[in-house]
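Chemist: In short: position in the sequence shown from 1, add 219, done, that's my numbering.
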Amino acid sequence: MSSSLYARLKAISGQPKPQKADAPKSCAILQRVFALEPAFCMQPQQLEALFGLDGVQISSLSKLLFLDTETTGLGGGAGTVAFLVGVGWMEDGYFICRQYWMRNYDEEADLVARLEKHFESEPVLVTFNGKTFDVPLLQSRFIMQQKRMASLGHIDLLSH
Numbered sequence: 220m221s222s223s224l225y226a227r228l229k230a231i232s233g234q235p236k237p238q239k240a241d242a243p244k245s246c247a248i249l250q251r252v253f254a255l256e257p258a259f260c261m262q263p264q265q266l267e268a269l270f271g272l273d274g275v276q277i278s279s280l281s282k283l284l285f286l287d288t289e290t291t292g293l294g295g296g297a298g299t300v301a302f303l304v305g306v307g308w309m310e311d312g313y314f315i316c317r318q319y320w321m322r323n324y325d326e327e328a329d330l331v332a333r334l335e336k337h338f339e340s341e342p343v344l345v346t347f348n349g350k351t352f353d354v355p356l357l358q359s360r361f362i363m364q365q366k367r368m369a370s371l372g373h374i375d376l377l378s379h
């Protein structure tokens, strides 16, 4: 009775259902919501005075989209992938933080499509070193998915 572990597991689990080769793959999503203290809610004019926003207009704090990426490398190019992208925004007295995690390369199309939805409302991006790293990297990943990333207002905190 020396059957392999694989054979025993297969016997008790049944046959796996084959997936369609063209079935869309979804990235994993983690979301946390934090209540904002009134003392931390600045007015757009205060942000402009604090950061000198170089002509970026902010009509409301809800227009800010905080963005950061975790990648497979720092060199850029077609081989560097953003496997984790975090976005955050303020809404009705809350800060919503959502992370999109690409576990496999075939989930990138879903990750890009979800980011594209965030960009539809034409937010102002807020990043740290995003002008020289995050945004160019995402632009190349959009191109790889045959999409074009929207041109958005951008506040890069590294330069302030």
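Each residue gets a CB set at the ideal place from its N, CA and C atoms; glycine is no exception.
1) Could you tell me the boundaries of the beta strand (DSSP E) in which Arg251 lies?
2) Could you have a look at Met309 and say whether DSSP puts it in helix, strand or coil?
3) Just reading off the beta strand (DSSP E) that Val331 is part of, what are its end residues?
4) Which residues in the same chain have their Cβ closer than 8 Å to the Cβ of Arg227, if we skip the five residues on either side of it in sequence?
5) Give the range of the alpha helix (DSSP H) segment to which Leu357 is assigned.
6) Does DSSP put Arg317 in a helix, a strand or coil?
7) Between which residues of its own chain and Asn323 is the CB-CB distance below 8 Å, once the five residues before and five after are set aside?
8) Use the C-beta contact count for Asp375: other C-beta atoms within 10 angstroms, 16 or more gives buried, fewer gives exposed.
9) So what's Gln301 in DSSP terms, helix, strand or just coil?
10) Would Leu283 pass as a contact of Val306 if the rule is Cβ separation under 8 Å?
11) Three or more C-beta pairs under 8 Å: does that hold for the stretch 362-369 against the stretch 334-351?
12) Just reading off the beta strand (DSSP E) that Ile374 is part of, what are its end residues?
13) Under 7 Å Cβ to Cβ from Ala254, same chain only, skipping five residues before and after it: list those, please.
14) List the residues that DSSP assigns as beta-bridge partners of Leu283.
15) Tell whether a beta-carbon distance below 8 Å holds between Leu344 and Val304.
16) Using the Cα positions of Ser378 and Phe347, report the straight-line distance between them to the nearest angstrom.
Modeler: Let's see:
1) Membership of Arg251 in the beta strand (DSSP E) is indicated by the continuous run 247-254.
2) DSSP places Met309 in strand when its eight states are reduced to three.
3) It is not in any beta strand (DSSP E) - Val331 instead sits in the alpha helix (DSSP H) that spans 327-338.
4) Taken in chain order, the list of residues that qualify is empty.
5) Start and end: 354-363.
6) In this structure, Arg317 counts as strand in the three-state DSSP scheme.
7) Result list for Asn323: Lys244, in chain order.
8) Burial of Asp375 is indicated by the presence of at least 16 other C-beta atoms within 10 angstroms of its C-beta.
9) Here the sequence assigns Ala to residue 301, which means Gln is not the residue at that position. For Ala301, the three-state secondary structure derived from DSSP is strand.
10) No.
11) Yes: the two stretches touch, three or more of their Cβ pairs being nearer than 8 Å.
12) Residues 372-375.
13) Correct list, in chain order: Gly312, Tyr313.
14) The partner list for Leu283 (beta bridge, DSSP) reads Val343.
15) Annotated as distal: Leu344 and Val304, with beta-carbon spacing of 8 Å or more.
16) If you take the alpha carbons of Ser378 and Phe347, they lie about 8 Å apart.
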